[in-house]
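Chemist: Numbering of the sequence shown is given in this note's numbering, commencing with residue 29 and proceeding in unit increments.
No residue lacks a Cβ here, since even glycine has one placed at the ideal position from N, Cα and C.
Pasting a structure below so you can have a look.
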Amino acid sequence: MSTVAVRVDVQLKDDATKLFQSLGLDMSTAVKMFLIQSVKTQSIPFEIKNNPSILVEKLQNKEF
29 MSTVAVRVDV QLKDDATKLF QSLGLDMSTA VKMFLIQSVK TQSIPFEIKN
79 NPSILVEKLQ NKEF
């Protein structure tokens, strides 16, 4: 087993935790599901659009 540490905004973590709990998951399981699906499909399991202005805005607002 290996450990992955990720820094995220407190509100994002709290919101994600609530969502995952409502689905019967914990954070660790949800992240594992994301990683497994990414490897299985050899892609990010959601659409990513190439719009630099939105990306820059989100980065400046720390929305990632």
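1) Name the two residues that bound the continuous alpha helix (DSSP H) containing Ser-71.
2) Do you know how far the Cα of Ile-64 is from the Cα of Phe-74?
3) With the cut-off set at 8 Å, would you say Met-61 and Thr-45 are in Cβ contact?
Modeler: So, from the data block:
1) Position 43 of the sequence shown, counted from the start, is the residue given in the question as residue 71. Run containing Ser-71: none; DSSP gives neither H nor E here.
2) Taking the first residue of the sequence shown as 1, we reach residue 74 at position 46. Taking the first residue of the sequence shown as 1, we reach residue 64 at position 36. The straight-line gap from Cα to Cα measures roughly 13 Å.
3) The residue you call residue 61 lines up with position 33 of the sequence shown. The residue you call residue 45 lines up with position 17 of the sequence shown. No; because the gap between Cβ atoms is not below 8 Å, this pair is not in contact.
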